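A quick write-up on the structure given underneath.
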Ligand SMILES: [Ca+2]
Ligand SMILES: [Ca+2]
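In our numbering, the protein residues as written are 2 to 218.
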C-alpha cells in the first residue's frame, strides 16, 4: 500500500470507528425520568400511587380497577422515531399480578393543532437483568400498537414526528394489579441497524481498495 493509500485507509478507519463507537448514538440518548434525581410523576389518575424512595419510584395500582396510571409532562423534545427506543428500567414487586404495562408517548403536532398518544406494550417478564432484581426493556418507537388523540385534545397527523411533550405508564390489561418499582425512563438509540450499515460500509471500502492494488505494475 502506498503512503497516500495508507493515510486515506487510516482516515476512513478512524471515521468508521468514531461513528461506530457511538457518539452520535450517545447524543440521542435522553433520560426522561430518573428516580435517583428525585423525579416522580407529575400526576396520577385512577387509584394509583407513585412515591419516590430515593432510588426508585414505587407505582402501585388496585387490581379491582379497570383504569389508572401515572403521567409526566416534558419540555418539547425532538426525537427521531426511526432510530430511537423507549427504555424503562424497572422491577416487578411481589404483589404485582400484571403481565404487561402500557407506556404512552405524547407527540404535539403544531400542523394540526393536535396532540396524540403513541401506545407501547411492555411485557413485564421479558426485561434483561440489570442488577438488584431490576431489568431493562426497550421498545422501538416505531413499534407502537396504537395511536390516538391525547385526552381532550384535537387529532394529530398520525405520524410519529416527536415533539415529545409527555409520557405515562398505565395498566396493560384492565383489572390487573400493577406493582412496579421504576428506576428510569429514557430515550435510547436503536443499536443494530446503524452498526450493521457501518460494518457494510467498512467492508465495501476494503473491497474497493483491492482492484486498485491489483493493477499496480
Ligand atoms: Ca409532532
Ligand atoms: Ca405526530
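Even for Gly, the Cβ is constructed at its ideal location relative to N, Cα and C.
Since we're looking at a predicted model, the values are computed, not measured.
Cβ pair residue i, residue j closer than 7 angstroms
i           : j           : result
residue 90  : residue 163 : no
residue 87  : residue 140 : yes
residue 158 : residue 110 : yes
residue 48  : residue 72  : no
residue 222 : residue 40  : Residue 222 lies beyond the residue range present for the chain, which begins at 2 and ends at 218; the question has no answer from this structure.
residue 101 : residue 122 : yes
residue 128 : residue 155 : no
residue 190 : residue 29  : yes
residue 45  : residue 61  : no
residue 36  : residue 59  : no
Cβ-heavy atom distance, residue i to ligand 2, below 6 angstroms
i           : result
residue 116 : no
residue 144 : no
residue 108 : yes
Rounded separation between residue i and residue j - CA only
i           : j           : result
residue 177 : residue 166 : 28 angstroms
residue 125 : residue 152 : 25 angstroms
residue 113 : residue 169 : 22 angstroms
residue 130 : residue 137 : 6 angstroms
residue 132 : residue 183 : 13 angstroms
residue 143 : residue 38  : 29 angstroms
residue 181 : residue 78  : 26 angstroms
Cβ-heavy atom distance, residue i to ligand 1, below 6 angstroms
i           : result
residue 164 : yes
residue 81  : no
residue 43  : no
Status (buried if at least 16 other CB within 10 Å, exposed otherwise) for residue i
i          : result
residue 95 : exposed
residue 80 : buried
residue 1  : Nothing can be reported for residue 1: it is not among the residues displayed for the chain, which extend from 2 to 218.
residue 93 : buried
residue 99 : buried
residue 54 : exposed
Any non-hydrogen atom of ligand 4 closer than 6 angstroms to residue i Cβ
i           : result
residue 160 : Ligands displayed in this structure: ligand 1 and ligand 2; ligand 4 is not among them.
Can you give, in chain order, each stretch of the alpha helix (DSSP H) that sits fully within the stretch 28-53 and has at least 4 residues? For the stretch 28-53, not one full-length alpha helix (DSSP H) segment reaches 4 residues or more.
Which complete beta strand (DSSP E) runs does the stretch 96-152 hold, if anything under 3 residues is left out? 101-110, 115-124, 129-132, 135-141, 147-150
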